[in-house]
Amino acid sequence: MDILSRRSRVYQARRDEIDAMTGGELLDEMIREPTLIRRPLILDGNRLIVGFDKKALAAIAANETEAG
Numbered sequence: 021m022d023i024l025s026r027r028s029r030v031y032q033a034r035r036d037e038i039d040a041m042t043g044g045e046l047l048d049e050m051i052r053e054p055t056l057i058r059r060p061l062i063l064d065g066n067r068l069i070v071g072f073d074k075k076a077l078a079a080i081a082a083n084e085t086e087a088g
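Next comes the structure, spelled out in structure tokens:
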């Protein structure tokens with residue numbers, strides 16, 4: 021699962037620099053530049069859904085409808 025938004029303007033402008041970062045450096049950069057994070061981020065119980073996933077969102081909606 022990749023939470024880096026390769027479509028963001030920041031990533032496009034600094035691709036080589038960002039691709040060379042370690043995990044910790046990338047995390048620090050995402051804190052400074054939140055547009056580097058793919059959205060939406062949805063936590064459904066223990067499952068993390070990153071980016072727009074129509075099937076996953078439909079499954080969550082169906083579960084919510086059944087539960088309540």
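Each residue of the sequence shown is one higher than the one before, counting from 21 in my numbering. The beta carbon of each residue, even a glycine, is placed where N, CA and C say it ideally should be. Since the model is a prediction, treat every value here as computed from it, not as a measurement.
If you draw a straight line from the C-alpha of residue i to the C-alpha of residue j, how long is it?
i, j, result
"Tyr31", "Ile38", "7 angstroms"
"Glu45", "Ile62", "24 angstroms"
"Ile23", "Glu86", "30 angstroms"
"Pro54", "Phe72", "17 angstroms"
"Pro60", "Ser25", "11 angstroms"
"Leu68", "Asn83", "15 angstroms"
"Lys74", "Thr42", "31 angstroms"
Can you tell me whether residue i is buried or exposed? The criterion is at least 16 other CB atoms within 10 Å of its CB, across all chains shown.
i, result
"Leu56", "buried"
Do residue j and residue i count as a contact pair if the criterion is CB distance below 8 angstroms?
i, j, result
"Arg52", "Val70", "no"
#### Entry: Complete runs of the beta strand (DSSP E) confined to the stretch 56–87 [at least 3 residues]
Secondary structure remark: continuous beta strand (DSSP E) runs of at least 3 residues inside the stretch 56–87, in chain order: 61–64, 67–70.
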